[in-house]
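Below: one structure, written as structure tokens.
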């Protein structure tokens, strides 16, 4: 404690304390230290670059996805409609074919009956 | 920035040697000390409007420099104690000689600086604040938020340890 007392109570510090004091003089800061600090301070004080407005970003995304979904729905509806029309046409064609076949069969049967009646002597007055 | 660039420049020019010296003597690393000192002044630029006058600013700068330096020491992997002997040799070649002048002109001064890095951090801090900053134990206690008895104990033990190391490492310089 003698060293502390010597310095704190105004008494003569010993030689070693004086040597420590001389050794611990302030050191010069590096060259251009102030310039570098001021540059960093200026950079820190600049406003941050504007970022895209996040509030509208999801909205735009939704709009894009809504468009895609709508386009897909329209395409599916159109394709389904076309398929339905094709099925209808095929059914109509099938019915037409069945009707034609039925007409041909009926016509043949009628002709056969007429010929048999003519052979039997029935005159249809032609 | 809470203060103007001119005010900040004035503060840097007034206190840069003090802040840099605290960081350098606590860490023993020139590059790290500059980084710490820059960070201290950047903190100062944000807080300067809360400080009243030059003495308050000096107190604040010392305290932040001490805290930032001790934080940096805790993050550093190697302990100065382990390499103290090598550092005595290295210091003369690379570290403080950059500044030239009276500081590096004395081999004894350089050796004491190197030996200072070989004593525990808390003791080193007390010695630096006492002999570099010329603060009395009461002021050191206030700055560090420690009881004055602790500060006095650290000072006494730090100086004793330094004296013992110096007696071995630099007996030709010690009278």
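Chains as they are written, first to last, in the numbering used here: chain A, 29 to 154; chain B, 1412 to 1586.
Don't be surprised by glycine CBs; every beta carbon is placed ideally from N, CA and C.
When C-beta atoms of the region 1530-1546 of chain B are compared with those of the region 1554-1563 of chain B, three or more pairs fall below 8 angstroms, so the two segments count as touching.
Contact annotation: residue 1484(B) and residue 1530(B) have beta-carbon atoms that are not nearer than 7 angstroms. For residue 1569(B), the CB contacts under 7 angstroms within the same chain, skipping 5 residues up- and downstream, are 1530, 1534, 1535, 1537, 1538 in chain order. For residue 1546(B), the secondary structure class from DSSP, reduced to helix, strand or coil, is coil.
Taking a Cβ-Cβ threshold of 9 angstroms, the residues of chain A close to residue 1445(B) are 57, 58, 61, 64, in chain order. For residue 126(A), the three-state secondary structure derived from DSSP is helix. At a cut-off of 7 angstroms between C-beta atoms, residue 69(A) counts as an interface residue with respect to chain B.
Minimum Cα-Cα distance from residue 1528(B) among the listed residues 1580(B), 1455(B), 1436(B), 1448(B) corresponds to 1436(B). When Cβ-Cβ separations below 7 angstroms define contact, residue 1524(B) makes contact with chain A.
Proximity of chain B to residue 99(A) at the Cβ level (cut-off 9 angstroms) is not reached, the minimal Cβ distance being about 53 angstroms. Between residue 91(A) and chain B, the shortest Cβ-Cβ separation is not below 7 angstroms. For residue 1452(B), the closest Cβ of chain A is nearer than 7 angstroms. For residue 1578(B) against residue 1522(B), the beta-carbon gap comes to about 12 angstroms, at or over 8 angstroms, which does not count as contact. Residue 1550(B) and residue 1433(B) have their C-alpha atoms some 16 angstroms from each other.
Contact annotation for residue 1539(B) against chain A: 52 [CB-CB distance below 8 angstroms, chain order]. Non-local beta-carbon contacts of residue 1423(B) in its own chain, meaning distances under 6 angstroms to residues more than five positions away in sequence, involve 1452 in chain order. Spatial neighbours of residue 1552(B) in its own chain (CB-CB distance under 6 angstroms, excluding positions within 5 residues in sequence) are listed in chain order as 1559, 1562. At the C-beta level, residue 1431(B) and residue 1416(B) stay beyond 7 angstroms of one another. Between the beta-carbon of residue 1420(B) and that of residue 62(A) there is about 6 angstroms, and that keeps the pair under the 8 angstroms contact cut.
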